[in-house]
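Asks: Here the sequence shown is numbered in our numbering, starting from 187 and rising by one per residue.
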Amino acid sequence: MSVILIVDDDPLICQTLAALAGKLGHQALLAGDLAQAQALAAGQPVDLVLLDVQLPAGCGLDCIPA
Numbered sequence: 187m188s189v190i191l192i193v194d195d196d197p198l199i200c201q202t203l204a205a206l207a208g209k210l211g212h213q214a215l216l217a218g219d220l221a222q223a224q225a226l227a228a229g230q231p232v233d234l235v236l237l238d239v240q241l242p243a244g245c246g247l248d249c250i251p252a
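#1: Just how far apart, CA to CA, sit ILE250 and ASP194?
#2: Considering Cα atoms alone, identify which of VAL189, LEU216, GLY208 and ASP233 is closest to ASP196.
#3: If distances are taken between C-alpha atoms only, which option among CYS245, PRO242, LEU247 and LEU234 comes closest to MET187?
#4: Looking at LEU220: is its Cβ nearer than 8 Å to the Cβ of ALA243?
#5: Report back the beta-carbon spacing between VAL189 and GLN213 to the nearest angstrom; my notes put them in contact at under 8 Å.
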């Protein structure tokens, strides 16, 4: 089982991707913004990040190095 961090400001997209990940046997962590995503990623190992590029608080690409 992999841990997938899904970062998107659209709750429907987050829920849809989380449901798909769950059906495939993976654990999904959901974040609606960059700060929430960074807090989740700091709290436990993450195997994959699905990251929206256009977020209200900034560009998703800016947080990749972190």
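For glycine and all other residues, C-beta sits at the position ideal for the given N, C-alpha and C.
Replies: Put simply:
#1: 14 Å
#2: LEU216
#3: LEU234
#4: yes
#5: 5 Å
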